[in-house]
Ligand code: S3P
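In our numbering, the protein residues as written are 1 to 406.
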């Protein structure tokens, strides 16, 4: 059960936080960041920025990042953070040398998707297909790149390299992905044009900016589902990022029958209040261009699906298999362990709705798996194999869970 009416302010958006620190570290002047996510993953990007020569300091409730010409850094530990590793590869290629490595999970994740276009631009990169990867500074030239995978991380890496390359760099996406990089680069003075699925960037320096980080909709999604699976109960989520490239979870939960009110206060990164009220849920289909708008929310949406009437089918989401864990396998095994029916598919999964009875779930060390089954635990007795991983993205999750639990 949950305590209805609880108001929750989720921590800063992880994607926007990484970008604020990284872009600030190559910009002229001091970027002041409000609402930064204070979690291990973003700490990796802060550590990298410092070791490359930027000054990063806490000033009151803000983080100030003063950019500098980057210097070779030796080893950089990206921990569990794919965003740190992939964005850094692109930012480093024309600017400075370093060897990137990560934890066991990150060391299994694909890096060729970033290395390939960067090498086409002239980057000097040794290693792959996985970390560790060594970068040495090289002179880059713009390319026309049509990406095969829908990945904001790859897009961001190529655009960051393009800021320091001769000529124009054009990046075409198979389907739109989160556009935080485009919004922030433009706000920092980059010469960037967007149209027809292609983003074009030319060389130019960035200028420092004042950045407000919205609350992370990927963190808010846990509470959206917590309310959605409790008919009649509401939760109020404040300060949530509502960038339309990230709001798929709201559309899907509405389609499944949850009542959701959104008050959008606008902004470069729109921010607003989201009120979710549970109701009888029904299964749905999630596929195609909707997938990148909720890729990190699919595990918790599968939890909602486990309480819905009928089946929920997720397609076109093979990317789930190369996240912090193989999230298709992790979610299907987890659902089966709590007595729900689910089947894996090469590019997604099928969840058969019912009434999970509870059980013990192996999180595979993946923060989002630990959190989504903790949410399921609000409706059935669940234990998870660990909760340490949660500190990578949402350190106060367990405290909020206790506040929500009635
Ligand atoms: C992210 C993009 C997504 C997402 C990840 C963060 C980003 O990954 O899953 O958690 O900040 O750009 P891909 O771009 O690889 O799909």
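Even for Gly, the Cβ is constructed at its ideal location relative to N, Cα and C.
In the DSSP assignment, the alpha helix (DSSP H) including residue i goes from what residue to what residue?
i, result
"residue 134", "Note, residue 134: premise wrong, no alpha helix (DSSP H); beta strand (DSSP E) at 133-136."
"residue 41", "40-51"
"residue 343", "No alpha helix (DSSP H) holds residue 343; the beta strand (DSSP E) holding it covers 341-345."
"residue 333", "327-337"
"residue 352", "From DSSP, residue 352 is part of no alpha helix (DSSP H) but of the beta strand (DSSP E) over 348-352."
Given this structure, state the Cα-to-Cα distance separating residue i from residue j, to the nearest angstrom.
i, j, result
"residue 227", "residue 304", "10 Å"
"residue 401", "residue 77", "31 Å"
"residue 319", "residue 347", "8 Å"
"residue 352", "residue 110", "31 Å"
"residue 56", "residue 336", "45 Å"
"residue 237", "residue 224", "8 Å"
"residue 324", "residue 80", "7 Å"
"residue 160", "residue 20", "13 Å"
"residue 204", "residue 27", "10 Å"
"residue 339", "residue 358", "6 Å"
"residue 75", "residue 100", "6 Å"
"residue 388", "residue 166", "44 Å"
"residue 15", "residue 185", "14 Å"
"residue 265", "residue 301", "26 Å"
"residue 148", "residue 174", "6 Å"
"residue 254", "residue 280", "11 Å"
"residue 199", "residue 181", "11 Å"
"residue 68", "residue 84", "18 Å"
"residue 119", "residue 233", "52 Å"
"residue 328", "residue 312", "14 Å"
"residue 342", "residue 314", "11 Å"
"residue 8", "residue 393", "16 Å"
"residue 355", "residue 373", "14 Å"
"residue 38", "residue 48", "15 Å"
"residue 64", "residue 284", "44 Å"
"residue 263", "residue 220", "15 Å"
"residue 29", "residue 403", "41 Å"
"residue 95", "residue 25", "12 Å"
"residue 383", "residue 360", "5 Å"
"residue 257", "residue 211", "35 Å"
"residue 274", "residue 138", "46 Å"
"residue 169", "residue 146", "11 Å"
Are there any heavy atoms of ligand 1 lying less than 7 Å away from the beta-carbon of residue i, as far as the coordinates show?
i, result
"residue 166", "no"
"residue 367", "no"
"residue 216", "no"
"residue 295", "yes"
"residue 392", "no"
"residue 152", "yes"
"residue 389", "no"
"residue 182", "no"
"residue 319", "yes"
"residue 178", "yes"
"residue 83", "yes"
"residue 325", "no"
"residue 219", "no"
"residue 156", "yes"
Assuming residue i is part of the beta strand (DSSP E), what are its boundary residues?
i, result
"residue 124", "124-127"
"residue 62", "62-66"
"residue 149", "No beta strand (DSSP E) holds residue 149; DSSP gives it neither H nor E."
"residue 100", "98-101"
"residue 234", "234-241"
"residue 360", "359-361"
"residue 34", "30-34"
"residue 16", "Where residue 16 is concerned, there is no enclosing beta strand (DSSP E), although the alpha helix (DSSP H) it sits in stretches over 14-26."
"residue 170", "168-172"
"residue 193", "192-195"
Kindly list the residues whose CB is nearer than 7 Å to the CB of residue i, restricted to its own chain and excluding five residues on each side of it in sequence; keep chain order.
i, result
"residue 151", "113, 177"
"residue 156", "87, 90, 181"
"residue 191", "201, 202, 204"
Ordered along the chain, which non-local residues of its own chain (more than five positions away) have a Cβ less than 6 Å from that of residue i?
i, result
"residue 379", "229"
"residue 73", "51, 52, 98"
"residue 1", "406"
"residue 331", "299, 302"
"residue 193", "200"
"residue 321", "328"
Can you round the beta-carbon distance between residue i and residue j to whole angstroms, since I take them to be within the 8 Å contact cut?
i, j, result
"residue 213", "residue 32", "In fact, because the Cβ distance is near 11 Å, the residues do not count as touching under 8 Å."
"residue 278", "residue 344", "Not confirmed; about 28 Å, so no contact."
"residue 122", "residue 140", "5 Å"
"residue 6", "residue 235", "6 Å"
"residue 135", "residue 124", "7 Å"
"residue 368", "residue 296", "6 Å"
"residue 117", "residue 158", "5 Å"
"residue 217", "residue 246", "5 Å"
Tell me which residues share the same chain as residue i and place their Cβ nearer than 8 Å to its Cβ, disregarding the 5 neighbours each side in the sequence.
i, result
"residue 290", "248, 251, 252"
"residue 128", "111, 112, 115"
"residue 316", "287, 288, 291, 347, 348"
"residue 398", "374, 387, 390"
Chain C beta carbons: is any one of them nearer than 8 Å to that of residue i?
i, result
"residue 248", "Among the chains in the structure shown there is no chain C, since it carries only a single protein chain."
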